[in-house]
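The next block holds one structure in the form of structure tokens; read it before the comments.
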Amino acid sequence: MKITTKLWATAALCGAVLTGTAHADPHPDAELIIEGELHLATRAAPPEHLGGVLPEIYSGWLFRTDETRTLQMDDFDNPGMLFAERGEDRWYTADGSAGQSCADCHGDPESLAGVRAVMPKVNENGELWSLQNYVNNCRTERMGADAWGWNSDGMKDMTALISLQSRGMPVAVQIDGEAAEFWERGREMYYTRFGQLELSCANCHEDNWGRMIRADHLSQGMSNGFPTYRLKNASIVSLHQRFRGCIRDTRGESFPEGAQEFRELELYVSSRGLGLPVEGVSVRQ
Amino acid sequence: MTRPSLTAACTFSALLWAGTAYADISPADVVWEDEIAIPASLSGAPGDPVAGAAAFASRSAGNCLSCHENSAMPEHDFHGNVGPSLDGTGARWSEAELRGIVANAKRVFPDSMMPVFYNDNPADYIRPGDAYTARAYNPETFSTLLSAQQIEDIVAYLVTLTDW
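Sequences listed follow chains B and W, in order.
Once you know that position 262 of the first sequence is 262 in this note's numbering, the rest is easy, because the numbers rise by one and skip nothing.
Once you know that position 72 of the second sequence is 357 in this note's numbering, the rest is easy, because the numbers rise by one and skip nothing.
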């Protein structure tokens, strides 16, 4: 009896927290306008498959400090743009035994507009590939060049450049048909409580977005800003690196960047942000 | 020093040792009462509330502040709010219940976000890691998140949080 009363007291407290501070906090009026002209939506209606677990979907940008948000509004101040610029140099530079550059097959980088928005995507062999896999496939199969490491400078530069071409285009990953089984596994992973702290992605980004976990303001963990320039790393960070960091924080054993599990998780996480625009090198803290 | 006095000294320190060092109750042997309370000290020793406050706040120990606000600690900048404020928690729960909550919150609050601080069995976890390295756990070193004495210290501290 006594215990039940106390549980109710705790429940009431949690209720107070719920109605008070939680979910109230993404900067409600902030607008993401790049260079004073390109308006990027930071809120969208939640995709149907979420079944109402999020009232609205929000870019991680809305949860960052004024300083960090401002950096992303000016391409000159956005350090991620330097990576995209270097990516452009690489785009036109021949590499590998075939003596070819990306431009030799694709023309200008703009020809890849829309590609980032549909990644990860099932390839012609029925495998789920991330953007990085497609880049490396061109390098090894068409250019006769070495594959780039997931976290290598070349890959950071090139993925920054390619995502910039899709800036403003809504995330539009395919989740049905041949993608369905991958998506399903990614969803299962999203709700798996990993590590000694037994925390799932959903624990932090679905149940507690808007709340503080010590000094961190929890966002909905959306992927539309990736690859992102992370101030803490002073570099471009891929989505799989972010996954690795989040699993590490559960005192869990991570998967390596590029793993099948992470590509499936990438598909599912991307699908939670269906409709949010690709930010094309976002800035996060 | 002659041999007899050495032996005497050893006997004396062994006595002292027996007097101050208590045996921890291992996580598997914890005795629960009313499902959620642990009446007996996990270390056998009383807790120290000052050490408990430090372990409560420390990122490398309890890191309780990552999820809980605590008005009694204004000197710390960042208090999370994933869990309820702990103001008055010492008035809401008995010492035995607080010990139960800190040792295994998931017994009291099923599916809670709150970690289980007193379980050393890696088989109970999905892909447990080697602390915060992202690597697989090491069977030699895998241990409870807090020691028995740290839990006693934290409980002794929580008992003092009676103001709302």
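Ideal Cβ placement from N, Cα and C applies to all residues, glycine included.
C-alpha of B:L239 to C-alpha of W:A419: approximately 16 angstroms in a straight line.
With a threshold of 8 angstroms between beta carbons, B:I57 makes no contact with chain W.
Annotated as distal: W:A388 and W:V335, with beta-carbon spacing of 8 angstroms or more.
When C-beta atoms of the region 320 to 330 of chain W are compared with those of the region 376 to 390 of chain W, three or more pairs fall below 8 angstroms, so the two segments count as touching. For the region 411 to 445 of chain W, residues whose beta-carbon sits nearer than 9 angstroms to a beta-carbon of chain B comprise I411, R412, P413, G414, D415, A416, Y417, T418, A419, R420, A421, Y422, F427 and L430. Relative to B:A145, the option among B:A94, B:P109, B:G60 and B:R263 whose CA is nearest is B:A94. An exposed status is given to B:Q260, since fewer than 16 other beta-carbon atoms sit within 10 Å of its beta-carbon.
Per DSSP, the unbroken alpha helix (DSSP H) holding B:V269 starts and ends at Q260 to R272. Counting along the chain, B:R251 sits inside no beta strand (DSSP E), nor does DSSP assign it H or E at all.
Taking each of W:L443, W:I436 and W:A338 in turn and checking the Cα distance to W:W378, the smallest one comes out for W:L443. When DSSP states are grouped into helix, strand and coil, B:P277 belongs to the strand group. Rounded to the nearest whole angstrom, the CA to CA distance from B:D77 to B:H39 is 17 angstroms.
For W:F341, the closest C-alpha among the options B:P47, B:P256, B:C201 and B:R214 is that of B:R214. For W:Y442, the enclosing alpha helix (DSSP H) starts and ends at A433 to L443. Per DSSP, reduced to three states, the secondary structure at B:Y58 is strand. Listed along chain W are I411, each with a C-beta nearer than 8 angstroms to that of B:T192. The beta-carbon separation of B:M212 and W:G375, rounded to 23 angstroms, does not stay under the 8 angstroms limit for a contact.
Sequence-distant Cβ neighbours of W:I439 in its own chain, meaning closer than 8 angstroms and more than five residues away, are G332, G337, A340, F341, G347, C349, V387 and L431. Within the region 388 to 399 of chain W, the residues whose Cβ lies closer than 7 angstroms to some Cβ of chain B are M398, listed in chain order. According to the DSSP assignment, B:Y92 belongs to no beta strand (DSSP E), since it is labelled neither H nor E.
By the rule that beta-carbons nearer than 8 angstroms mark a contact, W:L327 does not touch chain B.
Rounded to whole angstroms, the Cβ separation of B:M189 and B:L265 is 5 angstroms, and the two are in contact under 8 angstroms. Contact between B:E253 and W:R412 is confirmed by a C-beta separation of about 4 angstroms, below the 8 angstroms threshold.
Of all alpha-carbon atoms in B:S200, B:L218 and B:L199, the one lying nearest the alpha-carbon of B:N208 is that of B:L218. Judged by beta-carbon spacing, B:G96 lies within the 8 angstroms limit of B:M143, meaning their Cβ atoms are closer than that value. The region 143 to 186 of chain B contains no complete beta strand (DSSP E) run of 3 or more residues.
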